[in-house]
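Contents: one structure, followed by commentary.
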Amino acid sequence: MSTTEQLPTDLESEFTGPYESAFDALDDRDRAANLKVRAQFMNRLSDYIAEHDLTQVEAGERFGVNQSRISHLLNGRISMFSVDALIKMCDHAGISVTISFDDAYAGSV
Numbered sequence: 001m002s003t004t005e006q007l008p009t010d011l012e013s014e015f016t017g018p019y020e021s022a023f024d025a026l027d028d029r030d031r032a033a034n035l036k037v038r039a040q041f042m043n044r045l046s047d048y049i050a051e052h053d054l055t056q057v058e059a060g061e062r063f064g065v066n067q068s069r070i071s072h073l074l075n076g077r078i079s080m081f082s083v084d085a086l087i088k089m090c091d092h093a094g095i096s097v098t099i100s101f102d103d104a105y106a107g108s109v
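In terms of full-length UniProt numbering, the sequence shown opens at residue 1 and continues consecutively.
This is the structure:
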């Protein structure tokens, strides 16, 4: 998959198949985990924009980025964002980030 390929941020909610999410179908577990985390951040930020009825310019000001970054966010351009960048956007907006861990891959090599 190209790094410029667009993946909708709500892909997981639309996926049906033998995997828990579309990202789990990827052979590279590290990449799948990273995509899932970024999708969760992007969904939360998109929800925040909708909840507060913000324009892209207003959202950019609140998140500390420009309008074009918000456009990429709302259009699901997941490859345009790192986890770090998404955490910073949440922080600027006052969105609390909580990280939890589980043993989903425990026992596998």
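Heads up, the beta-carbon is just placed ideally off N, CA and C, and yes, glycines get one too.
Residue 48 beta carbon less than 8 Å from that of residue 95 | yes
At a cut of 8 Å, does the stretch 28-44 reach the stretch 80-92 through at least three beta carbon pairs?
-> yes
Are residue 78 and residue 38 touching if we call contact CB-CB under 8 Å?
-> yes
Residue range of the alpha helix (DSSP H) that includes residue 60 | 56-63
Are there 16 or more other CB atoms within 10 angstroms of the CB of residue 60, so buried, or fewer, so exposed?
-> buried
Should residue 29 be labelled buried (16 or more other beta-carbon atoms within 10 Å of its own) or exposed?
-> exposed
Helix, strand or coil at residue 103 according to DSSP, with G and I counted as helix = coil
Reduced DSSP category for residue 49 - H, G, I as helix; E, B as strand; rest coil | helix
Can you tell me which of the three DSSP states residue 97 falls into?
-> coil
Assign residue 25 to one of three DSSP states: helix, strand, or coil.
-> Model confidence at residue 25 stands at a pLDDT of 49, short of 50, so the residue's coordinates are unreliable and nothing is read from them.
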